[in-house]
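Numbering (my numbering), first residue to last: 454 to 923. By construction, the Cβ of each residue, glycine as well, lies at the ideal position given by its N, Cα and C atoms.
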Amino acid sequence: MVNPASVSTWSQRFESALHPVIAQFNASIGFDIELIEYDLTGSQAHAQMLAYTGIITRSEGDQLVQGLEQIRQEYRSGQFQPGIEAEDVHFAVERRLTELVGDVGKKLHTARSRNDQVGTDTRLYLREQIRTIQRQLLDFQAVLLQQATHHVETLIPGYTHLQRAQPLSLAHHLLAYVEMTQRDWQRLDEIYHRVNISPLGCGALAGTTFAIDRQFSANLLQFEAIYANSLDGVSDRDFAIEFLCATSLVMMHLSRLSEEVILWASEEFRFVTLKDSCATGSSIMPQKKNPDVPELVRGKSGRVFGHLQALLVLMKGLPLAYNKDLQEDKEALFDAVKTVQACLAAMTILLAEGLEFQSDRLNQAVTEDFSNATDVADYLAAKGVPFREAYNLVGQVVKTSLAAGKLLKDLSIEEWQALHPAFAPDIYEAIAPRQVVAARNSLGGTGFDQVRQALAAAQQRWNYLAGQSS
Ligand code: ARG
């Protein structure tokens with residue numbers, strides 16, 4: 454069986470068409486149609502450059518630009534739906550263009566290859582997606598900051614090894630995620646500049662015999678620079694790998710918070726309740742309310758990490774320059790983009806309105822443990838007892854208190870003083886959870902004053918960045 458449409462794609466060198474299964478196997482139109490708007494924009498810039506340099510006439514350039522614009526309208530209105538016979542989005546556009554403007558359409562591909570074309574498209578696509586994700590990160594930070602503002606004085610147990618360690622201001626805990634997502638924002642901002650480089654004009658691999666003006670088309674497309682080496686320009690996918698690395702980190706951060714929310718919503722913790730708008734039920738257990746949103750985010754993080762791995766493996770054995778393997782970068786990138794954008798949107802809603810911190814329960818929780826033990830040791834150390842000695846002493850008190858079913862606050866002043874004469878009645882104040890938190894006023898610590906300052910600084914930074922990106 455012969456697929457007649459594919460006979461015409463290649464030069465006269467080919468006598469018969471692709472086997473239909475191979476045509477299907479080879480085609481990327483099923484997914485690279487996602488690039489169409491960028492392909493049209495890139496081709497318009499290329500056509501303008503061809504006219505500007507006199508490689509084609511001004512009128513030919515105008516016809517090409519207008520024809521491409523018409524395809525854009527056809528695509529947007531749903532009229533243009535190329536099928537598998539087009540192989541990929543680049544051929545689909547060129548064919549339609551020739552149908553629309555006649556033979557001049559065949560001039561579009563002068564001094565260009567699909568290799569520099571697809572590289573151009575992918576970079577135009579990705580730089581736009583990066584800006585969207587950066588905006589979403591700021592939206593997410595906004596709800597974290599809002600929650601933090603409400604919960605500076607709400608206490609929450611702090612953990613190491615998932616064992617109660619020292620109590621915290623809940624705002625301090627939330628601000629940790631603001632810092633993480635700030636680095637995420639920054640990484641994307643840096644990567645943007647390495648994505649925003651034009652490979653257009655690198656040709657198939659070696660440049661072109663035509664007197665093109667690469668800077669001209671790069672300027673039209675608002676690229677910040679052009680690839681200096683044509684081989685590198687057509688085969689570099691570092692920018693895509695960096696992007697997947699940066700989005701993997703975004704997902705890793707979202708996943709950690711998701712894991713915390715899942716724990717917090719459990720009967721064992723009861724630190725948050727999930728609102729009906731962001732939770733689901735069980736089909737069999739009527740009492741259940743499931744944290745599907747954070748579970749899905751945690752689960753979806755694996756997809757993005759997988760795409761990063763896939764692209765690294767894809768690249769590591771490729772000889773210069775273009776190899777068809779590179780067609781495989783697209784689904785990985787598109788899926789990573791969609792996944793991280795969907796997860797940021799869902800987590801922003803979850804944090805904004807999908808859960809409620811149980812302040813009473815949280816404030817109560819920190820009174821029921823030994824997370825003030827360090828503060829007893831610090832108390833003695835401040836009175837001149839060497840810290841290690843104090844630490845050992847308090848370890849002993851914890852042991853005997855546990856055996857007696859008591860907490861540190863239940864010990865009498867006589868018991869304290871029997872342990873060490875330096876204890877005075879102000880020990881009770883020193884180990885009260887609120888004081889324990891307030892006292893950690895070192896730079897970057899959880900003390901309320903520190904947290905208020907950190908919150909103000911984060912808010913100021915946010916205002917600046919949000920102002921810039923609007
Ligand atoms: N669909 C191809 C891709 O995504 C376009 C470039 C094809 N180039 C080639 N020399 N076959 O990579």
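Asked, Found
"Looking only at its chain, what residues have a beta carbon closer than 7 Å to the beta carbon of residue 641, apart from the 5 residues adjacent to it on each side?", "583, 586, 587, 699"
"What residue range does the alpha helix (DSSP H) around residue 886 cover?", "886 to 891"
"Which residue or residues does DSSP assign as beta-bridge partners of residue 608?", "622"
"For my contact list, residue 908 and residue 628 are in at a C-beta cut-off of 8 Å; report their separation, rounded to the angstrom.", "7 Å"
"Quick check: is any heavy atom of ligand 1 less than 7 Å from the C-beta of residue 546?", "no"
"According to the neighbour-count rule (16 or more other Cβ atoms, all chains shown, within 10 Å of its Cβ), is residue 804 buried or exposed?", "buried"
"Could you tell me if the beta carbon of residue 775 falls within a distance shorter than 7 Å of some heavy atom in ligand 1?", "yes"
"Pull up the distance between the alpha-carbon of residue 622 and that of residue 816, whole angstroms please.", "10 Å"
"Assuming residue 518 contacts residue 532 (C-beta within less than 8 Å), just tell me the rounded distance between them.", "At roughly 19 Å, the Cβ-Cβ gap does not stay under 8 Å, so residue 518 and residue 532 are not in contact."
"Count Cβ pairs between the stretch 594 to 606 and the stretch 629 to 640 that sit closer than 8 Å; are there 3 or more?", "yes"
"Residue 402 by DSSP, collapsed to three states: which one?", "Here the chain has residues from 454 to 923 only, and residue 402 is not among them."
"Whole-angstrom Cβ separation of residue 624 and residue 605, contact assumed at under 8 Å?", "4 Å"
"When we look at the beta-carbon of residue 724 and count the other beta-carbons within 10 Å, is it buried (16 or more) or exposed?", "buried"
"Alpha carbons only, please: which of 598, 493, 771 is nearest the one belonging to residue 688?", "771"
"In terms of alpha-carbon separation, which member of 889, 786, 811 lies closest to residue 831?", "889"
"Buried or exposed for residue 739, please, with buried defined as at least 16 other CB atoms from any protein chain shown within 10 angstroms of its CB.", "exposed"
"When you compare only the Cα positions, how much space is there between residue 489 and residue 542?", "6 Å"
"Less than 8 Å between the beta carbons of residue 684 and residue 658, yes or no?", "yes"
"Does residue 823 come out as helix, strand or coil in the three-state DSSP assignment?", "coil"
"CA-CA distance, residue 492 and residue 774?", "21 Å"
"Determine the DSSP secondary structure at residue 459, reduced to helix, strand or coil.", "With a pLDDT of only 45 at residue 459, under the threshold of 50, the placement of this residue in the model should not be trusted, and no figure is reported."
"Does ligand 1 have even one heavy atom less than 7 Å from the beta-carbon of residue 543?", "yes"
"From residue 673 to residue 922, what distance separates their C-alpha atoms?", "22 Å"
"Would you say residue 788 touches ligand 1, meaning its beta carbon is less than 7 Å from a heavy atom?", "no"
"I need the straight-line Cα distance from residue 852 to residue 741, nearest angstrom please.", "38 Å"
"Looking at the structure shown, is residue 468 part of a helix, part of a strand, or coil, going by DSSP?", "coil"
"Alpha carbon to alpha carbon, how far is residue 898 from residue 768?", "43 Å"
"Our contact map puts residue 558 next to residue 547 with C-beta atoms below 8 Å; I'd like the distance itself, whole angstroms only.", "7 Å"
"Under 7 Å from any heavy atom of ligand 2, does the C-beta of residue 719 make it?", "No copy of ligand 2 occurs in the structure displayed; its ligands are ligand 1 alone."
"What is the C-beta distance between residue 735 and residue 743, in whole angstroms, given that I count them as a contact (C-beta under 8 Å)?", "7 Å"
"Enumerate, from N- to C-terminal direction, the unbroken alpha helix (DSSP H) stretches of 4 or more residues contained entirely within the stretch 542 to 574.", "542 to 554"
"By the three-class DSSP mapping on this structure, what secondary structure does residue 802 have?", "helix"
"Hey, could you find the ends of the beta strand (DSSP E) residue 726 is sitting in?", "725 to 727"
"May I have the straight-line CA-CA distance separating residue 608 from residue 806, to the nearest angstrom?", "20 Å"
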